[in-house]
Amino acid sequence: MAWVSTLISYWEPTLAHYLLLSAAVFSIGLIGVMVRRNALIVFMSIELMLNSVNLSFISFARYRFEMDGHVFAFFIMAVAAAEAAVALAIVIHVFRHKRGVNVDEMQELKY
Amino acid sequence: MEPLYADDFYFLGLIVLAPLLGAIINGLFGARLPRKVVDWVACGAMAFSFVFALISLQGLVGHAATQESDGGFGPHLTYTVYQWIFRGDLNADIAFLFDPLTAVLVLVITGVGFLIHIYSVGYMADDPDKWRYFAYLNLFAFAMLMLVLGQNMLVTFIGWEGVGLCSYLLIGFWYNDEKKAAAGQKAFIVNRVGDFFFILGMFLIFYTAGTWDYVELHEMATSTATVVQLLPIAFPAGLLIFLGCTGKSAQIPLYVWLPDAMAGPTPVSALIHAATMVTAGVFLLCRLNWLITLSPALMAIIAVTGALTAIVAASIAIVQNDIKRVLAYSTVSQLGFMFMAVGVGAFVAAIFHLMTHAFFKALLFLGAGSVIHGMHHEQDIRKMGGLKSLMPWTHATFLAATLAIAGVPLFAGFYSKDLVLWNSLANTHVLGIEGVMPMIEGAQNSLGALAQYLTVDVAPVVEDAGGEAVEVVSWALAVNWGVYLVGLITAGLTAFYMFRLYFMTFHGECRADEETKAHIHESPNSMVGPLSILGVLSVIGGYIGWPHFLARYFPEGLQPYVLGLEHWLADVFAVSNEFRLVGRFGESPYGPEAIAASAAIVIAGAGIALAYVMYIKRPELPGVIHERTTRIYKVLMNKYYVDEAYDFLFVRSTLWLGKASYWFDRYIIAGLLVGGVAFMTQSLGAVLSNLQSGSVQRYATYITLALVLIFIAIFYGVI
Amino acid sequence: MVELTSMFSALAAQPMLAQAATGEGGFPWLTLTTFGPLLGILALVFMPRDQVEALRNVALLTTLGVFAVSLGIMVNFNPGVAIAAGEAFTFQLTDGPHEWIPALGIQYYIGVDGFSMWLVMLTTFLMPIAVWSTYSAVDKYVKEYMISLLFLQVGMVGALVALDVFLFYIFWEVMLIPMYLIIGIWGGAERVKAAIKFFLYTMLGSVLMLVAILYVYLQVGAETGTYSFLYTDLLGAQLSYTEQLFLLGAFALAFAIKVPLFPFHTWLPLAHVQAPTAGSVILAAVMLKLGTYGLIRYAFPLFPDALVVYAPYIALLAVIGIVYGALMALVQEDVKKLVAYSSVSHLGFCVLGLIAMTPQGMAGGMYVMLAHGIATGGLFLCVGMLYERRHSKKIADFGGVSKVMPVFAAFFGVIMLGSAALPGLAGFVGEFLSLMGASKSHFLSFGEYLFVTPGEDGSFFVMPQGFTEIVNPDDPAAVVTWGPEATAFIFTIFGTLGVFLGAAYLLWMFKRVMFGSIKHDEVRQFARLDAREIGVLLPIVLMIIFMGVYPKFFLSYMDPSIEQYLGYMDEQVTEAVERAAQDEDRPNIYGEVIVDSLYRGEAMERTEQVDNGWVPEGSMWDRAMEELQEE
Amino acid sequence: MGFWEPLFFWLFAFGALITSCAVIVMRNPLYCALTLIADFFCFAALYVLLSAHFLAVVQILVYGGAIMVLFLFIIMLLNMRRVRPASRFQVHYAIATIAGIMMFLFAAWAILSAVDMEEVAEERERVAEQIEEVEQEEEEVALRTASAIPGPEAPVDAPVLYADVNELAVEQAYAQTLRAWRDGHATPSDHKYPDFDPDRTYELPPSLQPDPEQAHVVPGREGLYGTFKPVSIMLVNRFVIPFELTAVLLLASIVGAMILAKRRVA
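Residue numbers (the working numbering), protein chains in the order written: chain L, 19 to 129; chain E, 150 to 868; chain S, 526 to 1156; chain G, 28 to 293.
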């Protein structure tokens, strides 16, 4: 039953678990940004990425028994909010012109 | 009169300046001058030049009398016009040298040239571009005189190419006819091939001798100390210069241009292709006699080429039907004789034949010209005949010239041709330079080996003039016999085709069509005058070079005149005689000489008789022979297909090479290298351009990929 | 037009000009000649565009004015000037090194010597002819055309007289731009492609050269502490062998593209076919010469070690260029392309002469530059005239032109024969001297790659490198192996082949264009030469004849510079060969590679006998003054 | 260790993973938004497990409440319907996913290589023994939050078994560090910025100087960790510059958003 004990030893969450989780969610967010054609979904993926970063901040704060992580997470949330606001304003603006918000149609700045 | 100053004899400059002035006047203002003035300017220029030549001759004779011949360069007058180039150790001035050899040549050129100018006044009377013709003719005379009078090889070369240019202008005189222009161009390019070799020979000489001045080179070649430097390059330099001469004097490899050069007006052929230009090659070899005698192999090559050219040209001349073409090939053949003489070392004979040939060949061409003039530019002898009665003067002079060229005794041709044949039999080659030979005796290196082989291993013993035993090279003997026999056969052939020409034009019934027959008339006096003078010359021309076995019967007082040319040129060719000439049959071999002369006379007679039988007695005979020997006839008719061979070998291959290199240039260098680089940069650009596709997501992907790669790179070390 | 002439006369009244008359005052002849055309440009800029005739006249007047000023150079140039011992060149009429960009050590320093004087005269002589010949050729944007031509002249003369390497580079680039415009705007059908190819090709070369210049500049600066672009300072650079290999490679490539040597010549036919008449005249006559001039001035003296190794390969390329160019010209159907390839071939002679490093070779190379400039300039003018009448460059479209235009036939004939190196005309002197120089050169040794030591048994021909030769009779074994001389003679053989081919293609073209019957009826309507065209061709024909008959006038001015240059190179090369001998990883140079010069050793005293008044003492002006005093 | 805490952790971890995958996979943006909200809840729960209570709340408030509402509003405003799947398989989508996965693998590899599992196992046994000892000594054991994240060595004199500490232990450890700061043993920025140059004095302008006493005041009530008080103190003391800048940022974004989204009048 050795594997059970090893399993148990992995059972309790350690710092690594939290970090792995945050990395996973970050990657999923990243893929979402790169793959989805709808602007809104892209913004949501960005929110995901921001959240995963927050998680890693918090887990490190917990690991070090300090509150800096929390402050930073707090700032990130503020920024995320501001960013979301501006992003959505842009989306509306774009929608008004192009009747669609697909990212790959917005190529005017190509040249 | 004692020449004022032997080394600044300005008359030499005047000889050359007169035709130049004539050419410039006619060239620039000819079109506007009245026709008469053009004639006077041209003939006047030549007349002046002739007079100045006579003055210079007198000056030379006077100068020679005062000087004792110390075995050096002999009496000569020089005149330096100005300093052309003085670079480093090259001291090239435009300077003229007048020594016995040049005297003969200058007199021939100016004399015959003057007569031909008079003749062409009549011949070109009705031609609109007469002024241009006379300008070119004078320019030609200027260039020829430069060639002959030059004191260093550079001035000779300037004359050499100038003569080539003038022959190009004159042959292609009626340039609006495509064929004539092509003939002119062919002449110039073949001459240029000859010049290619000539220039290389000059460079080789300059590299070893360091100078081009004939007097300095002569001294260098005659003092045993410095001759050693010339010895190794004697063969290569001599060969190159000989190839240059073949270009100019139409010998075997480069003779193809002469027959086509008949496209020019007939007086041009007379002047250029009989009397002057073609003799330039012979003159140059005689001028450099001390160089070519240093290499026996070279002498043999010259003799053999001369003989071959003679026999080949003679054989082609037999079947030619165009009057001027027959004469052209006969010129090539006679030049072959001269080269034979040079090859066997009989330079005096070569110059003698050159002189007499100038007289009778010029006469033949002018005669042919007056025939053509009379028959309205009809040149095919099959349409002529029976002109004896219609053109008496032309007939008489033409007959005299034909007798001379055939070698009938008492006519000029016999004396010079006999001297050539006798010398080719009598002279043998041996490298007998005392002081040089013994030195190489023991030498192991290559040149020593050659000399060793030449003298010790092979040569049988032969008596030389001085009586001691002198080794003679066996293959040299074979060469001599071969050359003599070929010469004899050619003499026979010459007699045959000349009389064939004579009988078909002047005897039998007139085969011309009615319209031309009615029109035949004797040429005007301005044309007949020169003919008659040349006729006289081609008879008495030979009396200054009697064969030795006859000369000794003349009284003592006449001796200097009977063997005039020999004494006159003794100093010039002293070197080669003393170095290597060995009379094979002892001191005064009158017996063998008489036999050789009689053999020549018999052969000539046979030729004449054969021609008489075939063309007068039984005119159908040529037709019969024609059927049976059609194949040989066709080969001869097409000149052994030499023209086609040259065209294929050289012209077509050079053009093909040109096209190949043009293709190479366009596709390989421009296309592949330069174009390749352009194509690479372009395609690289295209690849990079689709990176900027404009879609934001693609950029995000690239960033991520880059990030991953960076991480891998950083931690690659750690793993 | 009026105000320009007044300006010149105002200039003349100046005291300085009077002082210049005495010749020794520091009158800036060179600066005036170089920047003279700028006055013209100034005048042109303020003139209205539509007065085409006035524009042309002003341009012509400017070029004539500049030519008049440049005559001042010729008059004041003193060939017999004392030689600066130990230096490669002695410069005259110099405009002293004025500080231009002191920080980088760039000075404005111009001067002229035997090499560059005649090229400057060639430029100023040909410019008026080129400008005058465009009266009928170019009629759109005439103002810009004239301005770019004048600007081109500034670039060319500047490059020739600049003694500061940076200044030289600037003028070198300034030259490119107007030429690019001339070809690009006023050219033929695919002019843009040709212009771009021309520009990029030359630019690539000159960029490499810039890198090399900077390298040497820094090297010298590091050594001597003072950073300066002055040519005389750069000459003192001590560079290692490998450095020299690359630097000479860069320099040689830049100039080879310009010359154009064999593999880099593909831009020339394109540029010439598309360029307008005046453009191709100037391009062929002067711009190509800057390549060869650059070789002598900048490439060879700076890097002797590398030169000894490069020389045979440059000579090889030159010889290939000669034969290859001639062969190409043989098969062209387009006259202008034929002339373009012919200039590739002719310049092959020039480079062969220069690289042979013998007095005759160097003089020949310089003379080919002048003769080719005049002759090919003339050829292009004639082709231009034919083009203006027939609007086609194909040889097949012509035939029998001499029947319709006899005077043109005469002029074209003389120019053609001049460039086909007929003795008595300009081309012959140059090519003959180059070939003669090449035939006796001891400089072109391929080193160990090709050299085979003679067999012991004294086998006669040990090719490909050496002929054995008995030196003195009493010691037959003392055999001198002609190492470099043998290769030189083989090159000469191919070079002479080029002379013969040269005659072939030019004559063939002449026959097809001028002689023969008139095949096309347009040819029948060809207008005869008008006064302007005769005025354009006459000076060229006279110059060709004068240069052929009396080369002493030109050669005597070049001689002192050539001899000094060869003396300097002789010193450098002997040191280089010694260095090569000691240094074992370098390919040792077999055979006796020497520069054949009459000067020996440091003090530059002549070893040969004193020349007999060949080089005139004092400039024309001084001699004229002396005669005045005598009467 | 405890049973529930790990359970909750795994529960919410998988919850977060699944919802975030759902967000990027779903076709209909409305469903995406809703799953995202669920995802935020899972995150909030994880924060709680990490005893960051204040942030859990803020998370729900800010993200769930504000941002997602904004998103839903926008989705409703633009009434986005179900978008058809991308027409053709674009090659760069594949590359993108691969890139994403590689990013994750790399991060995982980096993390795991930093954590030495044996070490964790030993910690685990050591903690297990301590727990048994504690159980035998029957001390008062507060709610055991067995999130035994192997931290640094146990604080100097604290009796508490840091491995099995619960809220109380976290509190004491935090107070311990605050006291250390106050006594000057270690400065707040100690070993935070390894290449920070300590001797270079970094002087805040007087106005921003933290009030020496007030900075390290340990508020009355124990149990500060995870609450808002330390955050607020730090906000106005050490992080006052970022705080002000965030204010400016928010202002700018509001103005920007308003301008962009306003319908053009002209």
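Each residue gets a CB set at the ideal place from its N, CA and C atoms; glycine is no exception.
Check: On the premise that F501 (chain E) lies in contact with L568 (chain E), defined as a C-beta separation below 8 Å, what is that separation, rounded to the nearest angstrom?
Finding: 6 Å
Next item on the list: Hey, could you find the ends of the beta strand (DSSP E) Y159 (chain E) is sitting in?
Entry: Where Y159 (chain E) is concerned, there is no enclosing beta strand (DSSP E), given that its DSSP letter is neither H nor E.
Item checked: Reduced DSSP secondary structure (H/G/I, E/B, other) of E327 (chain E) -> Looking at E327 (chain E) - three-state DSSP - the assignment turns out to be helix.
Checklist line | Beta bridge counterpart(s) of Y633 (chain S) as assigned by DSSP | finding: S:H623
Next item on the list: Assign F1051 (chain S) to one of two classes, buried (16 or more other C-beta atoms within 10 Å of its C-beta) or exposed (fewer than that).
Entry: buried
Item checked: DSSP-derived helix/strand/coil call for Q117 (chain G) -> coil
Item checked: Within chain S, the residues that F345 (chain E) reaches when beta carbons sit closer than 8 Å -> Residues of chain S with a Cβ closer than 8 Å to the Cβ of F345 (chain E) are, in chain order, T1021, L1022, V1024, F1025.
Checklist line | Below-8 Å beta-carbon distance, P948 (chain S) vs any chain E residue | finding: yes
Margin query: I want to see whether chain E comes within less than 8 Å of F81 (chain G), judged by CB atoms only; does it?
Written below: Output row for F81 (chain G): interface = no.
Note to self: List, in chain order, every chain A residue whose beta-carbon is nearer than 8 Å to that of V857 (chain E).
What the structure shows: Here chain A cannot be found, since the structure's protein chains are L, E, S and G.
Checklist line | L286 (chain E) - containing alpha helix (DSSP H), residue span | finding: 279-298
Notebook entry, point to check: Under the rule that 16 or more other beta-carbon atoms within 10 Å means buried, what is T751 (chain S), buried or exposed?
Noted result: In the assembly as shown, T751 (chain S) is an exposed residue. Its beta-carbon has fewer than 16 other beta-carbons within 10 Å.
Checklist line | chain E residues whose Cβ lies nearer than 7 Å to that of L48 (chain L) | finding: T853
Note to self: Cβ closer than 8 Å: which chain G residues qualify as neighbours of V84 (chain L)?
What the structure shows: Going by the sequence as given, residue 84 (chain L) is Glu instead of Val. Ordered by position in chain G, the residues that pass the 8 Å Cβ test against E84 (chain L) are Y201, T204.
Next item on the list: Have a look at the DSSP bridge pairing and note the partners of L755 (chain S).
Entry: DSSP output for L755 (chain S) lists S:D689 as bridge partner(s).
Next item on the list: Please name the residue or residues paired with K808 (chain E) in a DSSP beta bridge.
Entry: Bridge partners of K808 (chain E): none, in fact.
Note to self: Can you confirm whether Q846 (chain E), when its beta carbon is compared against all beta carbons of chain G, has any partner nearer than 8 Å?
What the structure shows: So yes, Q846 (chain E) belongs to the interface.
Next item on the list: Measure the C-alpha to C-alpha separation of A755 (chain E) and L785 (chain E) and round it to an integer number of angstroms.
Entry: Looking at the two C-alpha atoms, the distance is approximately 22 Å.
Next item on the list: Can you tell me which of the three DSSP states I281 (chain G) falls into?
Entry: helix
Margin query: Measuring alpha carbon to alpha carbon, tell me which residue in E:Y317, E:M295, E:Q300, E:T546 is nearest W309 (chain E).
Written below: E:M295
Next item on the list: Could you work out which residue in S:V656, S:W625, S:Q617, S:P627 is closest to P562 (chain S) when comparing CA atoms only?
Entry: S:V656
Check: For L262 (chain G), which residues from the same chain have a beta carbon less than 8 Å from its beta carbon, with the 5 sequence-adjacent residues on both sides left out?
Finding: F270
Margin query: Counting only beta-carbon separations shorter than 8 Å, does E65 (chain L) have a partner in chain G?
Written below: yes
Notebook entry, point to check: What residue from S:N601, S:M671, S:G605, S:F614 has the CA that sits closest to L567 (chain S)'s CA?
Noted result: Comparing Cα positions, the closest option is S:M671.
Next item on the list: Report the three-state DSSP secondary structure of D814 (chain E) (helix, strand or coil).
Entry: helix
Item checked: Interface residues of chain L facing G849 (chain E) [CB-CB closer than 7 Å] -> Per the sequence presented here, residue 849 (chain E) reads as Ala, with Gly not at that position. In chain order: V51, M52.
Next item on the list: Return the first residue and the last residue of the alpha helix (DSSP H) that D66 (chain G) is part of.
Entry: 56-76 is the span of the alpha helix (DSSP H), which, as asked, contains D66 (chain G).
Margin query: On the CB-based measure, 16 or more other CB atoms within 10 Å of its CB, does W812 (chain E) come out buried or exposed?
Written below: Its Cβ having fewer than 16 others within 10 Å, W812 (chain E) is exposed.
Next item on the list: Going by CA-CA distance only, name the one from S:E669, S:F1071, S:A609 that's closest to A896 (chain S).
Entry: S:F1071
Next item on the list: With I1059 (chain S) as the anchor, note down where its alpha helix (DSSP H) starts and where it stops.
Entry: 1056-1074
Notebook entry, point to check: So which residues of chain S does E365 (chain E) contact, with C-beta pairs closer than 9 Å?
Noted result: In chain order: nothing, as chain S lies at least about 14 Å away.
Item checked: Which residues DSSP lists as bridging K919 (chain S), in chain order -> DSSP, once it has assigned bridges, lists S:D859 as partnering K919 (chain S).
Margin query: Any beta carbon from chain L within less than 8 Å of A207 (chain G)'s own beta carbon?
Written below: no
Check: Under 8 Å between C-beta atoms, does A60 (chain G) make it to chain L?
Finding: Chain L, which has a Cβ nearer than 8 Å to the Cβ of A60 (chain G), makes this yes.
Note to self: Taking the alpha carbon of D278 (chain E) as the reference point, which residue from S:M1039, S:T883, S:K928 has its own alpha carbon closest?
What the structure shows: S:K928
Notebook entry, point to check: Using the rule of at least 16 other Cβ atoms within 10 Å of the residue's Cβ for burial, across every protein chain shown, is Y692 (chain E) buried or exposed?
Noted result: Y692 (chain E) is classed as exposed because its beta carbon has fewer than 16 other beta carbons within 10 Å across all chains shown.
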